[in-house]
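J.:
Residue numbers (our numbering), protein chains in the order written: chain A, 1213 to 1528; chain B, 1213 to 1528.
Quick look at the structure:
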C-alpha cells in the first residue's frame, strides 16, 4: 500500500476499541455506523450489508449472470470478490482504455485477481474497437471523462448482451453517488436526477445496471480490499479532470465530519422522499443505423464519434 | 462603518473599472452580474431590480399597505428605504426583543431612520407582551432562534391584521434563502421545501408574506445601505447560534467563488424546476382558543409558551 492510502485508512483504525461482535481488540471503527470491528467481523458485516442491499433493491438473484465492470481499483475488485464470496454468478469485464502505464497496470491487476481466484475475465481493447482515449482526446474538445464514460457504457452493454449476461454491476460508491447527486441538485439537472438510482431497469436494448456498493464509502471499500488482501491500483486516472466533482466530494466530507451519516442519509432520503415525485420521462429509442444499439438519433453517439475519427484520419 | 464591514466591502470596490452605464470611474464591481457601477447607477440598478422582482412575483402593488419588519440591520432598513423611494406605501415594525444593548441600539437606529425620513414606525416590546428573549431563554431548552422566529412571525401577523396592512415584507437576502434551501435539501425536509418561496400567500388568518430582497446578496444590500447613507447595526444577535446555517453559507460562498452566480441559479432553478413538483399539503387550521390566531392545535405555540412561562412564575 502507498503511504497516502495508509494514512487515509489509519484514522479509522482505532486499536483501543473492542469488536462489536466478538469483543476482541478491534481493527477499525466506522464513525458513520458507530461500530468497531475486528478484521473477521468487518468482512462479515460488509458481506451481509452488501447482500441485504442487493435484496432490498431487487438488484439480482443467484440465478442471474452478473457482469462486473472492473477497473482495477478498490471498489470494483472488492465488489467482484464479495459477489463471488456471496455465491453469485459473477464474471469480470475490463476495458483497456489505452492510457499508457495506468491502463497496463490496471489490466495486469485485474488479470492477476481473476487468475488467482480462477474467475472469468473479459478484456476489450478500446484501441482495437475504435481508438484509445489519448487518440480520441487529440480530436475531441469535450472533457475526457465525458466520452470515456459514454464508451464504457456502450461496450459494457454490448458485451453483456452478446454474451448473455442479465445484469451489469459497477463499483460506484457512496462518495461517488452522493457527489453526483449533489452536483445534479446544485445545478438542478432534472433529467439526471430522474435517472439517479442504484438500479436502472433494463429493456429496449439495455441490460439492467446496478450499483451494489452505493451504501459503502470509498474508505469502507478500501478497508474491505485491504483486509481481504486484494491488490488494487491506487493511482487516479491521469486524464480525470472532474474539478467540480472533487469540490463536491470535499464539501460532503466536511458535512459528514460534522455529522457522521450525512452522505448516506442525503442519498437515501433523496431516493425515498424526492425521487418518487420526479417521475421519469419516456424516451423514444430506436436502433442505431450503423451498429443496432439503442439510441435516440439515427446514429448512436459512439458511431458518430467513430465517423469523426474516420474523417479525421482520411483528411490527414 | 466598522473596519471589518469596510474590508468586506472593499473587495467589490474596484476603482479601475468604468461604470457600465455612464462610463465614469466605477465605485464597485459585482462579480455575479459582471457589472461595474458608479454610486448613482448602482442605486438606480438596485431600485430597478427590486421593483422588477416585486412585479415578477406579484408581491404587492402601490395600492397595498406594506408592513416592513425592521431589525435595524442592513437588509431590512435598505428594503424600507428602497420601497419608499419606489413610491410604495410602507410603514416599519420593530419588535424589541429585550436583548440588552443589542436591542437598544437596534431600536434606536430604527427610530432615527424613521424620524429622519418622516416615516411611521410601530414598536412592540416583547417583554411587555409575553417576556424578553433572555427571560424565555432561561426556561426553554430549544435554540433561541427557534422561539424568537416563532414570536416574531406571530406578532408581525397580529399587528398587520390589527392595523389593516395587506402585506408583510421581510429583509431575507439571497445568502439567507439559498442557505435555508441548502439545509432543507441536505436533510430533505419536504414540508419546509414546499413552503420555501419568496411569496407566502395570505388567507385563513394569515397576512401575505414576501421577501423582496431574495435576489440580492448580503453584500449588495450592505452596499445599498452604505451608499445611501443608512446607519445600521452591524453586530450579530448575541444569541444567534445557527452553527449549521453558518456552515451552509460558507459552503455556498465557496461554490459562488468558483462560479459566480451559483447561489442565485441554485435558488431560482429550485423555484422554477423543482418546487412545482412538490405540491403543497393542505393544512387544517383553526382559531387558537386563547388568542384567536390561526393554529393547527387547540392552543397556538405562543399561547402554549405563555402557559409554560406563567406556570414557571407561579411555581417559583
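We put the beta carbon where it would ideally sit given N, CA and C, even for glycine.
For residue 1341 of chain A and residue 1245 of chain A, what's the separation of their Cα atoms in angstroms?
T.: Distance between the alpha carbons of residue 1341 of chain A and residue 1245 of chain A is about 45 Å.
J.: Would DSSP call residue 1300 of chain A helix, strand or coil?
T.: Coil at residue 1300 of chain A, not helix or strand.
J.: Check whether the Cβ atoms of residue 1523 of chain B and residue 1457 of chain B sit closer than 8 Å, and answer yes or no.
T.: No, these two residues do not count as a Cβ contact at 8 Å.
J.: Among residues of its own chain, excluding the 5 on either side of residue 1352 of chain A, which ones have a beta-carbon nearer than 7 Å to its beta-carbon?
T.: Cβ within range, chain order: 1359.
J.: Taking residue 1241 of chain B as part of the beta strand (DSSP E), name the residues at either end of that continuous run.
T.: Run containing residue 1241 of chain B: 1240 to 1242, per the beta strand (DSSP E) assignment.
J.: I think residue 1436 of chain A touches residue 1321 of chain A, with their Cβ atoms under 8 Å apart; what is that distance to the nearest whole Å?
T.: Residue 1436 of chain A to residue 1321 of chain A, Cβ: 16 Å. No contact.
J.: Below 8 Å on the Cβ atoms is my guess for residue 1556 of chain A versus residue 1419 of chain A; work out the distance and round it to an integer in Å.
T.: What is shown of chain A runs 1213 to 1528, which leaves residue 1556 of chain A out entirely.
J.: Mapping DSSP to helix, strand and coil, what is residue 1411 of chain A?
T.: In the structure shown, residue 1411 of chain A sits in a strand (DSSP, three-state: E or B).
J.: Against residue 1331 of chain A, what residues of chain B qualify as contacts under a CB-to-CB distance less than 8 Å, listed in chain order?
T.: Residues of chain B passing the Cβ test: none, with the nearest at roughly 40 Å.
J.: Per DSSP, residue 1421 of chain A is paired with what?
T.: Beta-bridge pairing links residue 1421 of chain A to A:1380 and A:1412.
J.: Does any residue of chain B have a CB that is nearer than 8 Å to the CB of residue 1397 of chain A?
T.: Residue 1397 of chain A counts as touching chain B.
J.: First and last residue of the alpha helix (DSSP H) that includes residue 1371 of chain A?
T.: Start and end: 1356 to 1375.
J.: Along chain A, which residues have their Cβ under 9 Å away from the Cβ of residue 1351 of chain B?
T.: Under the 9 Å cutoff, chain A gives no residues; its nearest Cβ is about 28 Å from residue 1351 of chain B.
J.: So what does residue 1334 of chain B bridge to, in DSSP terms?
T.: Paired residues: B:1305.
J.: Can you pull the DSSP bridge partners for residue 1280 of chain A?
T.: Residue 1280 of chain A is bridged to A:1304 and A:1381.
J.: Which residues in chain A sit within 7 Å of residue 1485 of chain B, going by Cβ to Cβ distance?
T.: Simply 1400 and 1402.
J.: What separation, rounded to the nearest whole angstrom, lies between the Cα atoms of residue 1484 of chain A and residue 1468 of chain A?
T.: For residue 1484 of chain A and residue 1468 of chain A, the distance between alpha carbons rounds to 20 Å.
J.: Just the Cα atoms here: how many angstroms apart are residue 1488 of chain B and residue 1410 of chain B?
T.: Distance between the alpha carbons of residue 1488 of chain B and residue 1410 of chain B is about 14 Å.
J.: To which residues of the same chain is residue 1417 of chain B closer than 6 Å at the C-beta, ignoring the five residues directly before and after it?
T.: If we look at residue 1417 of chain B and ignore the five residues flanking it on each side, its Cβ neighbours are 1506.
J.: If you check the beta carbons only, do residue 1371 of chain A and residue 1334 of chain A fall under 8 Å apart?
T.: Yes, these two residues count as a Cβ contact at 8 Å.
J.: So residue 1463 of chain A contacts chain B; which residues on that side make the cut at Cβ distance below 9 Å?
T.: Neighbours of residue 1463 of chain A on chain B, chain order: 1463, 1466 and 1467.
J.: State the CB to CB distance for the pair residue 1426 of chain B and residue 1369 of chain B, rounded to an integer number of angstroms; the pair is presumed to be in contact (CB under 8 Å).
T.: Contact doesn't hold; Cβ gap of about 20 Å is too wide.
J.: Output yes or no for whether 8 Å exceeds the beta carbon distance between residue 1242 of chain B and residue 1381 of chain B.
T.: Not in contact: residue 1242 of chain B and residue 1381 of chain B (Cβ atoms no closer than 8 Å).
J.: State buried or exposed for residue 1391 of chain A, treating a residue as buried only when at least 16 other CB atoms are found within 10 Å of its CB.
T.: Residue 1391 of chain A comes out buried.
J.: Is the Cβ-Cβ distance between residue 1282 of chain A and residue 1295 of chain A less than 8 Å?
T.: Contact: no.
J.: DSSP three-state label for residue 1212 of chain B, please.
T.: What the structure shows of chain B is the stretch from 1213 to 1528, and residue 1212 of chain B is not part of that stretch, so it cannot be assessed.
J.: Take residue 1323 of chain B and list the residues in its own chain whose beta-carbon comes closer than 7 Å to its own, dropping the five residues that flank it on each side.
T.: Closer than 7 Å at the Cβ level, and outside the excluded window around residue 1323 of chain B, lie 1333.
J.: Can you tell me the Cα-Cα spacing of residue 1315 of chain B and residue 1448 of chain B, whole angstroms?
T.: Their backbone Cα atoms lie some 11 Å apart in a straight line.
J.: Leaving out the 5 sequence neighbours to the left and right, which residues in its chain are closer than 8 Å to residue 1559 of chain B when beta-carbon positions are compared?
T.: In the structure as shown, chain B begins at 1213 and stops at 1528. Residue 1559 of chain B is therefore absent and cannot be evaluated.
J.: Using a 10 Å radius around the Cβ and a threshold of 16 neighbouring Cβ atoms, would you call residue 1287 of chain A buried or exposed?
T.: Flag for residue 1287 of chain A reads buried.
J.: Check distances from the C-beta atoms of the stretch 1249 to 1270 of chain B to those of chain A and list, in chain order, the residues that come in under 7 Å.
T.: Under the 7 Å Cβ criterion, the stretch 1249 to 1270 of chain B contributes no residue.
J.: Helix, strand or coil: how does DSSP classify residue 1326 of chain B here?
T.: Note: residue 1326 of chain B maps to helix in three-state DSSP.
J.: In chain order, what residues of the same chain have a beta carbon less than 7 Å from the beta carbon of residue 1460 of chain A, not counting five sequence neighbours either side?
T.: Closer than 7 Å at the Cβ level, and outside the excluded window around residue 1460 of chain A, lie 1391, 1394 and 1395.
J.: Hey, quick one: how far does the alpha helix (DSSP H) through residue 1249 of chain A stretch, first residue to last?
T.: Run containing residue 1249 of chain A: none in the alpha helix (DSSP H); it sits in the beta strand (DSSP E), 1247 to 1249.
J.: Any beta carbon from chain B within less than 8 Å of residue 1474 of chain A's own beta carbon?
T.: So, interface residue.
J.: Rounded C-beta distance between residue 1515 of chain B and residue 1503 of chain B? I'm assuming under 8 Å.
T.: With a Cβ gap of about 6 Å, residue 1515 of chain B and residue 1503 of chain B count as contacting.
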